[in-house]
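Residue numbers (numbering that gives the first Met the number 0): 0 to 150. Structure record follows, encoded as structure tokens.
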Amino acid sequence: MKILFVCTGNSCRSVMAEGLFKKLTQARANDFEVSSAGISAIDGFPASPETLEVMKTEGVDVSGHVSRRLNAEMVRAADKIFVMEKTHRDWIVRFVPEAKDKLFLMTDFYAPAYEHTGCVDIPDPIQMSDSFYQNVLSMIRDCLEKIVQSL
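Now the structure itself:
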């Protein structure tokens with residue numbers, strides 16, 4: 000199964016999701032082809048320094064990550080696409096309408112935990128504090144645990 004994680008710049012959230020998903024599914028690694036991309040990414044950049052650091056706390060090395068801008072081919076090739084924000088989902092549906100049935104908000108899988116915040120998006124941590132990055136990582140982990148159970 001081809002899994003694609005999407006955020007804005009492919010330097011923080013989708014990188015965290017890709018790395019954590021691979022860790023959580025190590026025993027089933029042959030079942031999944033996992034990648035990430037950003038709707039506004041510039042190809043060829045590494046993950047943010049803060050992402051590298053916060054992922055170390057999970058024992059996940061994403062230092063080899065190289066950003067990729069999302070394109071229609073990636074969307075069509077994926078079996079399931081998990082996005083961080085409603086705007087990401089809307090953008091993809093606008094450009095690849097046939098993808099709507101394989102698109103999911105990450106928080107769709109763990110909504111009860113975040114209902115009290117009124118937040119359905121996983122916030123972008125770029126240029127935020129280390130603790131903000133840690134909170135975003137925790138949200139992503141919570142969602143991924145439910146996603147992995149559903150696959």
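We treat Cβ as the ideally placed atom computed from N, Cα and C, and that holds for glycine. Keep in mind that this is a model prediction, so the values were computed, not measured.
Two segments are said to touch when three or more pairs of C-beta atoms, one from each, lie closer than 8 Å; by this definition the stretch 10 to 22 does not touch the stretch 94 to 103. Under DSSP, Glu32 forms a beta bridge with Lys1.
Between Ser10 and Met54, the alpha-carbon positions lie close to 12 Å from each other. Apart from the 5 residues on each side of it in sequence, Tyr109 sits with its Cβ closer than 6 Å to the Cβ of Asp141, Cys142 and Lys145 in its chain, given in chain order.
Going by C-alpha positions, Val147 is about 7 Å away from Thr24. Lys1 is the residue among Ala76, Lys1 and Asp107 whose C-alpha sits nearest the C-alpha of Arg27.
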